[in-house]
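For the sequence shown, the numbering used here assigns the number 312 to the initial residue and increments by one for each residue that follows.
A virtual CB, placed ideally from N, CA and C, is assigned to each residue, including glycine.
In what follows, a single structure is set out as structure tokens and then discussed.
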Amino acid sequence: MVFYSTRSKDIQANSAEAVLKGIAPDGGLYTPLDFESMRIDLSSLLGKSAVEISAEVIGKILDDFTPEEMRALIEAAYAGKFETEDLTPVEKVGGDFVLELFRGPTSAFKDVALSVLPRLIVASREKLGVKDEIVILTATSGDTGKAALEGFHDVAGTRIAVFYPDGGVSDVQKAQMVTQEGGNVRVCAVRGNFDDAQTGVKRIFADDSRNGWAALSGARLSSANSINIGRLAPQVAYYFKAYCDLVLGGEISLGDPVNFVVPTGNFGDILAGEFARRMGLPVAKLVCASNANNVLTDFINTGVYDKRRDFYKTASPSMDILVSSNLERYLFMASGGDFELVSRLMADLNEKGVYTAPETLMSTMRDHFAAACADDRAALEAIGRVWREHGYLMDTHTAVGWAALEQFKATQDNGYANIVLSTASPYKFCRDVLSAISDQVPADGFEAMDRLHALTQVPVPPRLAALRDKPARFKDCVDRDGMLEYVREMLG
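The structure is reproduced here in structure tokens:
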């Protein structure tokens with residue numbers, strides 16, 4: 312399988328190289344075009360375990376690994392980490408379905424991929440005969456950081472630095488990161504928002520590509536964000552797994568189309584659904600659900616991507632993003648690999664803050680995507696309504712997805728089964744979730760956790776409950792322009 316930089320036809324990699332590098336040297340994202348060779352026989356997946364489905368789907372995308380290598384890698388990645396061997400169970404809520412992706416060690420959907428990525432990076436390093444230390448740089452809007460830290464801590468031959476927006480994550484998310492154990496980890500706040508942190512990380516990669524300072528320290532930079540194809544590939548598997556669950560449960564027949572509703576800010580989770588569709592999954596619509604930072608909703612509806620807008624800190628902070636990195640991959644795929652178009656659009660975004668996609672591309676996108684957005688008020692109302700009517704407790708991000716589903720059904724209902732991707736435990740956002748079902752909300756996040764449990768009796772993930780007694784290890788905070796020096800100092 313050839314992976315191309317989205318910005319240059321001259322930059323290519325195999326899957327192991329793409330995983331190890333994370334981002335292409337020209338700033339593009341490694342992306343495949345030959346989805347025909349990755350097609351999955353759905354009937355062959357029925358009755359297989361979650362691990363077996365993951366190994367087959369990921370192995371189709373990352374084909375430098377033999378089926379035996381991939382199966383062993385996946386088994387080791389997930390063994391004993393998740394609340395259930397099912398990994399990502401599907402729950403029926405009313406007449407619709409919720410795909411629970413938060414049953415892993417950090418109670419967020421990122422665990423599904425970030426349990427696998429460290430092992431993929433180590434295996435790729437060995438396969439390519441690389442001796443350098445792999446240094447993972449990650450910007451996080453809340454959940455990626457902890458999941459990456461959990462996956463990489465004390466993994467031989469790696470180090471990791473996580474950057475998060477100062478004041479832009481929940482109390483529980485911050486506590487998860489700054490208390491992280493491990494001798495190879497660093498955590499640093501960035502004065503600004505997630506886009507500032509993400510842009511800073513990209514600039515570090517670009518500076519190293521130009522000047523080669525990491526190699527002088529015997530290191531190579533890579534990423535755990537979904538800009539890394541090794542992070543995106545494991546997410547494709549749970550789309551297939553959810554579909555098989557509905558078939559086996561008698562909710563749909565094999566071959567029936569379904570809709571997936573995906574709360575997303577960086578466009579990675581929903582792009583995994585587009586990979587699944589191109590690999591043969593019968594997807595009718597992928598509904599892109601945005602919060603008040605609705606740059607993706609506007610783009611899908613108008614074809615204009617404009618980041619020159621107010622930035623809102625919301626109750627769904629992991630979606631507080633105005634520069635959606637993985638959209639670049641979709642533009643490349645939907646244009647049939649038009650390197651010049653993608654390079655021009657990305658240059659416009661960087662220089663002008665806005666670009667307009669060709670109408671032919673947008674017409675293709677709207678055939679498969681729909682979009683809706685929900686502000687905090689709509690999301691909190693959805694939490695309260697679903698709890699009262701169905702006894703199901705959602706976090707704030709999943710609630711954005713549920714509100715988007717309601718809008719979709721009111722305006723574009725196609726009669727197919729709807730699956731909402733649930734991205735985090737409600738206990739990661741205790742105060743906001745509690746405010747949706749109670750008028751008594753303590754200021755302290757952990758007191759809110761206790762009250763939410765008392766009201767709902769929904770079990771608290773033990774690792775989240777234990778955070779209140781753990782001391783903070785990391786208190787670093789830098790400006791965006793100080794991130795490069797921070798990493799260079801870390802490498803000595």
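For the pair F785 and V489, the CB atoms are nearer than the 8 angstroms cut-off.
Counting along the chain, T675 sits inside the alpha helix (DSSP H) bounded by residues E670 to H679. T317 sits away from L331, with the two beta carbons spaced by 8 angstroms or more. Pairing I611 with M676 gives a Cβ-Cβ distance under 8 angstroms. A Cβ-Cβ distance of about 7 angstroms is found for the pair S636 and Q509, placing them in contact under the 8 angstroms criterion.
Counted as a single uninterrupted DSSP element, the beta strand (DSSP E) harbouring P476 occupies residues T469 to P476. The region 726 to 735 and the region 641 to 660 do not touch, with fewer than 3 CB-CB distances between them shorter than 8 angstroms. Under the 10 Å beta carbon count, C555 is surrounded by 16 or more other beta carbons and is classified as buried. Within the DSSP secondary-structure output, I447 pairs in a beta bridge with I471 and S533. Closest in C-alpha terms to S481, from the list R414, I515, S627 and L532, comes S627. Unbroken alpha helix (DSSP H) stretches of 4 residues or longer found wholly inside the region 363 to 405: 378 to 389, given in chain order. CA-to-CA, the gap between R436 and K442 works out to about 8 angstroms. Counting along the chain, no beta strand (DSSP E) covers T455; the unbroken alpha helix (DSSP H) around it starts and ends at D454 to F463.
If you look at T608, you'll find it in the alpha helix (DSSP H) that goes V606 to T613. In this structure, I432 and T469 form a Cβ contact; the two beta carbons are roughly 7 angstroms apart against a cut-off of 8 angstroms.
For F346, no beta strand (DSSP E) run applies, since DSSP gives it neither H nor E. DSSP links K596 through a beta bridge to N570. Looking at the DSSP output, F408 sits in a beta bridge with K403 and I730.
When C-beta atoms of the region 603 to 621 are compared with those of the region 483 to 500, fewer than three pairs fall below 8 angstroms, so the two segments do not count as touching. The C-beta separation of A583 from L543 comes to about 6 angstroms, placing the pair in contact by the 8 angstroms criterion. CA-to-CA, the gap between K513 and W524 works out to about 15 angstroms.
Residue environment analysis places G456 among the buried positions, since at least 16 neighbouring C-beta atoms fall within 10 angstroms of its C-beta. In the displayed model, F650 falls within a helix according to three-state DSSP.
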